[in-house]
Amino acid sequence: MQLLAAGEAAGGGRTRVRVGVEGAVQGVGFRPFAFALARELGLAGSVGNTAGGVVAEVEGAPEHVDAFVRRLRDDAPPLAIVDRVRSETIAVRGGTDFVIDDSRGGPGRTLVSPDIATCPDCLRELADPHDRRFAHAFISCTNCGPRFTVVRDVPYDRPATTMADLPLCPRCAAEYADPGDRRFHAQTVACPDCGPTLTLHHLGAVHTGDDALARTRTLLADGSIVAIKGVGGFHLACDATNAAAVDTLRKRKDRGDKPFALLVPDLAAAGTIVTPDPAEQALLVDPRRPVVLVARRPEPALELADGVAPGSPDLGVLLPYTPVHHLLFGAGAPPVLVLTSGNLAGEPIVVDGDVARERLAGVADAWLDNDRPIHVPCDDSVLRVAGGEPLPVRRSRGYAPLPVALPVEVEPALAVGGDLKNTFCLAEGRYAWLSAHVGDMDDLATLQAFEAATAHLASLTRVTPGTIVADRHPAYRSAQWATRAAGHRPVRRVQHHHAHIASVMAENGHDGSARVIGFAFDGTGFGDDGAVWGGEVLLADYDGYERAAHLRYTPLPGGDAGVRNPCRMALSHLRAAAVEWDPLLPPVAACSESERHVLDRQLRTGFGCTPTSSLGRLFDAMSSLAGVCHRVEYEAEAAMRFEGLARTAVDGCGDPYRFGPGLDARPVIAAAAADVRAGVDAETVAARFHLAVVDAVVMTAQRVRRDTGLDTAALSGGVFLNALLTVRCRDALESAGFRVLRHRHVPPSDAGLALGQLVIGARRRETT
35 MQLLAAGEAA
45 GGGRTRVRVG
55 VEGAVQGVGF
65 RPFAFALARE
75 LGLAGSVGNT
85 AGGVVAEVEG
95 APEHVDAFVR
105 RLRDDAPPLA
115 IVDRVRSETI
125 AVRGGTDFVI
135 DDSRGGPGRT
145 LVSPDIATCP
155 DCLRELADPH
165 DRRFAHAFIS
175 CTNCGPRFTV
185 VRDVPYDRPA
195 TTMADLPLCP
205 RCAAEYADPG
215 DRRFHAQTVA
225 CPDCGPTLTL
235 HHLGAVHTGD
245 DALARTRTLL
255 ADGSIVAIKG
265 VGGFHLACDA
275 TNAAAVDTLR
285 KRKDRGDKPF
295 ALLVPDLAAA
305 GTIVTPDPAE
315 QALLVDPRRP
325 VVLVARRPEP
335 ALELADGVAP
345 GSPDLGVLLP
355 YTPVHHLLFG
365 AGAPPVLVLT
375 SGNLAGEPIV
385 VDGDVARERL
395 AGVADAWLDN
405 DRPIHVPCDD
415 SVLRVAGGEP
425 LPVRRSRGYA
435 PLPVALPVEV
445 EPALAVGGDL
455 KNTFCLAEGR
465 YAWLSAHVGD
475 MDDLATLQAF
485 EAATAHLASL
495 TRVTPGTIVA
505 DRHPAYRSAQ
515 WATRAAGHRP
525 VRRVQHHHAH
535 IASVMAENGH
545 DGSARVIGFA
555 FDGTGFGDDG
565 AVWGGEVLLA
575 DYDGYERAAH
585 LRYTPLPGGD
595 AGVRNPCRMA
605 LSHLRAAAVE
615 WDPLLPPVAA
625 CSESERHVLD
635 RQLRTGFGCT
645 PTSSLGRLFD
655 AMSSLAGVCH
665 RVEYEAEAAM
675 RFEGLARTAV
685 DGCGDPYRFG
695 PGLDARPVIA
705 AAAADVRAGV
715 DAETVAARFH
725 LAVVDAVVMT
735 AQRVRRDTGL
745 DTAALSGGVF
755 LNALLTVRCR
765 DALESAGFRV
775 LRHRHVPPSD
785 AGLALGQLVI
795 GARRRETT
């Protein structure tokens, strides 16, 4: 098949072509668009969904047929992603009508659209007392609403979704069949007459519809915790200004000090608690509606409970993306709601009402449920902005399952990712599909969710993996699952930090024909020598890597205990730098005498210690040394708080600290300890350390360039979720003449690891 050339004709004054459109073209109004376009141009024919996308046949004047093919791509609906348009001339059949055909299955592949926030047209109807969908909690149309989370199979039609058991009422059926209606072939079309229906379960009673919503608002205002079924699963909600409610939710969920996300009614309300810049505002109102990490407002107009995000410099804010969210802010509702995943610590998000009432019985006081089943769990996406560009923290609802275009061909394969913040990746040819967020692979329920999600995504993408790719860590549960599930298929193991660099290369379209200078900075990764790596400089392509430099090894005392207690890592770095454990230094004071005694013995004998080159652990140590954070309740807490302080002082902190040759952190530790003893504030210590890392990155890159001639630097690994560090490194490297690859679409943390694993382990190599 080939694109029809302008003016090509067959059959005298008429021509007929069959056009195949590939991409995210189902569930986004593409067939109604093609229908209207054909009518406008006076063309006969048909359009329908297939397993491979959308297929149309059009017949008419050659110039009008050419215009139809061209405009399928150029004027496609806003939510459509047109990857390819192919057409072929076929025999003229005559006729004057244009129809929408029934969908057809069979071979091929299409892209399923992500879930999209309620559109402005539906919001106007939702608020209009004269509209028949006034205050209807499930209003949607062709341009908005659930997609991925309700799809059971492709082609994307109502019988293949969880709406199949909710028959359309006559009025909705008429809209669904009317080419001039906004709900023409909108698969989630619904109204109060045909459902779905809200139900509130509270104290043994069940309330429905408007009464359920009104009672939910009252419960939230009175300090209750309500489990609310959303698009991709249940959330737990409470009044964010009610300290008792927030503290109760934190305790019941065993949340520690990990920040809660906040649901605000609109952008103006967000501005009362945070200070979003234009790029952050654009993300907040984006139809994908991620949680956006934004700096707190120094003097907020609205006082939040202290327990919302203790010690965090940022707040995770999101705007409503479902009709229920909008309706929750009705009369008498709290001004801001905590909205956190409906699960217990370490478990996947709950999607079924009966399960929610069982699993969340000790957390929620009431449950706002509905009878629209969720087929695919999907947590909220989380992003921040770095240098005016998105920096994904978690890529999930609103983004999954749209694929990442690959710069190289890959065999059909499954990459299983890592054990923390797990996502997996399916790919074939030039497409890679990253899953929605799965979670940490230390719970049986998470493993079961992982297995179900891999099967579902494989069904939607029509990828049958012939290869499975996993991390080299011998204890990773994801890798162990890969071995068990492989059967006769090969399992290829990929080094953790090599996968990080390959991930950012692939995202940026680097074809691997030349190596990059890869800075893989994170907290933990299994090294080739058995050490804990995490401060790596790799000369890498997709075929292999060479370790050009790394942060000097320092003992990690006690493994996970050392990770949970940054003060212990600080004492290890102080010992390595020959700095006395002065009780005036914050990490020394934070450790009890008995704790210091045990650490001293561990560091002298090496018992219970593993050497680590982790920059993430160095950030932890510096955070403790500056007196910021000595014990952590959640991953990267110490580093996040440290970054927040550095932002306030980075432009006026004086000279940065300096690493020694070979990325030796001992001079940094000694200088920072001297500053702390001299009374230098934590903000300045944090800023000088961040600038020291930037300086070390640039100097290392320049040295490698002199030795190798390479001039592309790639930044990946969880440390680069630090927006200040990412932007400063990018700017300094570009000023030094480097091309810089950084993450904009895939998280730099282990949440993006599977993409790199996939490209390394499944890339098609030319044979001779």
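Plus 34 on top of the position in the sequence shown (first one is 1) and you've got our numbering. Where a beta carbon is used, it is the ideal one built from N, C-alpha and C, also for glycine.
Tell whether a beta-carbon distance below 7 angstroms holds between residue i and residue j.
i	j	result
S512	M539	no
R52	E91	yes
P807	R778	Since the first residue shown for the chain is 35 and the last is 802, residue 807 is missing from the structure and cannot be characterised.
S657	P600	yes
A261	C272	no
T813	L237	Outside the displayed range of the chain (35 to 802) lies residue 813, so it cannot be described from this structure.
D556	G650	yes
A274	V342	yes
G305	G376	no
H490	V410	yes
L633	R602	yes
A721	A683	yes
G463	E443	yes
Is residue i buried or exposed, if buried means 16 or more other CB atoms sit within 10 Å of its CB?
i	result
T495	buried
L436	buried
V240	exposed
R776	buried
F693	buried
Q791	buried
V389	exposed
L478	exposed
H164	exposed
P154	exposed
Q482	exposed
T639	exposed
P332	exposed
Which residues bound the beta strand (DSSP E) around residue i?
i	result
W401	400-404
V538	Not the beta strand (DSSP E): V538 falls in the alpha helix (DSSP H), residues 530-541.
V384	Segment: none, V384 is in no beta strand (DSSP E) and carries neither H nor E.
R418	416-420
S658	First-last for S658: 649-659, but that is the alpha helix (DSSP H), not the beta strand (DSSP E).
V92	87-94
G432	Counting along the chain, G432 falls outside any beta strand (DSSP E), and DSSP gives it neither H nor E.
H724	From DSSP, H724 is part of no beta strand (DSSP E) but of the alpha helix (DSSP H) over 716-742.
What is the residue span of the alpha helix (DSSP H) that residue i lies within?
i	result
E392	387-393
F363	It is not in any alpha helix (DSSP H) - F363 carries neither H nor E in the DSSP assignment.
I408	No alpha helix (DSSP H) contains I408, which DSSP labels as neither H nor E.
I703	700-711
S606	600-610
T130	Unbroken run through T130: none, as it is neither H nor E.
Using DSSP with H/G/I as helix, E/B as strand and the rest coil, what is residue i?
i	result
I259	coil
R166	coil
P499	coil
A39	Here the model assigns A39 a pLDDT of 36, short of 50, so the residue's position is not dependable, and the following value carries that caveat. A39: coil per DSSP, three-state reduction.
H235	strand
R173	First, the residue type needs correcting, since residue 173 is Ile and not Arg in the sequence shown. Coil.
Y587	coil
L765	Looking at the sequence itself, residue 765 is Asp, so the reference to Leu does not match. Reduced to three states, the DSSP call for D765 is helix.
A271	strand
Q221	coil
G795	helix
V326	strand
T282	helix
Checking contacts by CB at 7 angstroms: is residue i closer than that to chain D?
i	result
T309	Chain labels in this structure do not include chain D; a single protein chain is all it has.
What's the gap between the Cα of residue i and the Cα of residue j?
i	j	result
A554	F754	9 angstroms
P213	L200	22 angstroms
E159	E717	50 angstroms
G680	P690	For the record, residue 680 in the displayed sequence is Ala; it is not Gly. Rounded to whole angstroms, A680 to P690 spans 12 angstroms at the Cα level.
G596	C625	12 angstroms
R181	D414	14 angstroms
A439	E337	44 angstroms
V99	V319	37 angstroms
K287	G451	27 angstroms
T309	P299	16 angstroms
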